[in-house]
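Have a look at the structure below before the remarks.
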Amino acid sequence: MAFLRGIARSAENFFIFKNCQKNGWNIESSFSAKKALDIPLPPKKPLTAYMIFCQDNRKELLKGNPSLTSIEQIKKLAAQWSLLSLDKREPYEIKARESTVLYGEAHKEYYEKLTEEQKKEIAKLKAEKREARRLFKLKKALKESGIPKLPLKAYALFVQSEAKNRDIKQPAEFIKESAEKWKTLSEAEKKKFDDLAEEEKKRYGKEFEKWRRKMIADGSL
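Below, the structure is given as structure tokens:
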């Protein structure tokens with residue numbers, strides 16, 4: 001709840017919630033963006049001792065258990081790692097430290113070869129990534145707090161009703177067809193969805209006020 005105190009001081013803060021997913025998921029991954037901008041990819045980050053252990057022991061694990069899923073492999077390797085003595089972990093710790101030193105040297109060399117323009121672009125990508133994480137945390141915190149879902153607009157309610165009667169195999173085509181169909185609806189037909197949207201708005205207002213009062217009572221706002 002402490003996280004909420006810093007972000008939920010007024011109703012305006014919650015407009016962020018509306019755009020959170022859009023802003024977060026539209027940001028390209030650093031890998032894809034760097035390729036698109038013709039920025040050379042940096043050296044791979046070093047593996048931890050535990051990751052090196054998993055890498056070295058996964059094949060042996062699969063020999064006796066070829067049908068294990070990825071999650072089952074992770075669980076079994078984690079269990080094996082937890083049982084290792086400090087002495088048996090030491091070789092992996094040494095490899096991890098050596099890899100970290102080599103990575104530091106390689107990254108320094110990589111960065112020195114970048115142009116000033118490339119450095120600026122990388123800094124921009126990092127800032128976008130930080131913002132995406134911030135928005136993701138905000139969305140997660142708001143969801144966990146029980147904040148009510150934002151009301152749907154008339155058009156969104158129409159698309160929702162269309163989806164109930166369709167076996168959608170081509171989402172893009174479905175959205176396009178729905179948009180075209182919406183344009184052909186009469187004002188009377190659209191009014192049905194306008195009325196539903198108004199009900200949604202009232203529902204949201206009541207639920208939001210109830211949520212706000214609860215947050216105040218809990219000391220979260």
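For reference, each letter of the sequence shown is one residue, going 1 to 221 in the UniProt record's numbering. By construction, the Cβ of each residue, glycine as well, lies at the ideal position given by its N, Cα and C atoms. Everything numeric in this text was worked out from a predicted model, so none of it was measured.
Asked: For Glu93, which residues in the same chain have their Cβ closer than 8 Å to its Cβ, ignoring the five residues on either side in sequence?; Found: Ala49
Asked: Could you round the C-beta distance between Glu200 and Pro151 to whole angstroms and report it? I think they count as a contact, below 8 Å.; Found: 4 Å
Asked: Just verifying my parser: in three-state terms, what is the DSSP assignment at Ser29?; Found: Annotation note: pLDDT 49 at Ser29 (below 50); position unreliable, no value reported.
Asked: If we call anything under 8 Å between Cβ atoms a contact, is Glu162 one with Ser186?; Found: no
Asked: Which whole runs of the alpha helix (DSSP H) in the region 90-144 are 4 residues long or more, in chain order?; Found: 116-144
Asked: With distances taken Cα to Cα, identify the nearest neighbour of Glu98 among Glu72, Trp182 and Lys45.; Found: Lys45
Asked: Using beta-carbon positions only, say whether Gly146 and Trp211 come within less than 8 Å of one another.; Found: yes
Asked: If you measure between the beta carbons of Phe158 and Phe193, is that distance less than 8 Å?; Found: yes
Asked: Note the first and the last residue of the continuous alpha helix (DSSP H) segment covering Phe178.; Found: First, the amino acid is wrong: residue 178 is Ser here, not Phe. Start and end: Pro171 to Thr184.
Asked: One question on the structure: do Tyr110 and Pro66 come within less than 8 Å of each other, judged by their Cβ atoms?; Found: no
Asked: Shortest alpha-carbon distance to Gln55 belongs to which of Ile39, Lys63 and Leu77?; Found: Leu77
Asked: What three-state label does DSSP hand Thr166 in the structure shown?; Found: Here residue 166 turns out to be Arg, not Thr, going by the sequence shown. Correct three-state label for Arg166: coil.
Asked: Helix, strand or coil, according to DSSP, for Lys63 in the structure here?; Found: helix
Asked: Does DSSP classify Leu47 as helix, strand or coil?; Found: coil
Asked: Which of the three DSSP states is assigned to Asp87 in this structure?; Found: helix
Asked: For a quick check, are the C-beta atoms of Glu116 and Ile39 less than 8 Å apart?; Found: no
Asked: Assuming Leu206 is part of the alpha helix (DSSP H), what are its boundary residues?; Found: Reading the sequence as shown, one finds Lys at residue 206 and not Leu. Element bounds for Lys206: Glu187 to Asp218.
Asked: Which same chain residues end up closer than 8 Å to Arg58 when comparing Cβ atoms and leaving out the 5 residues on each side of it in sequence?; Found: Gln73 and Leu77
Asked: On a Cα-Cα basis, can you pick out the residue from Leu138, Ile52 and Ile168 that is closest to Thr100?; Found: Ile52
Asked: For Ala188, does the count of other Cβ atoms within 10 angstroms reach 16, so buried, or fall short, so exposed?; Found: exposed
Asked: Can you have a look at Leu102 and say buried or exposed, based on whether 16 or more other CB atoms are within 10 angstroms of its CB?; Found: exposed
Asked: By DSSP, does Lys75 sit in helix, in strand, or in coil?; Found: helix
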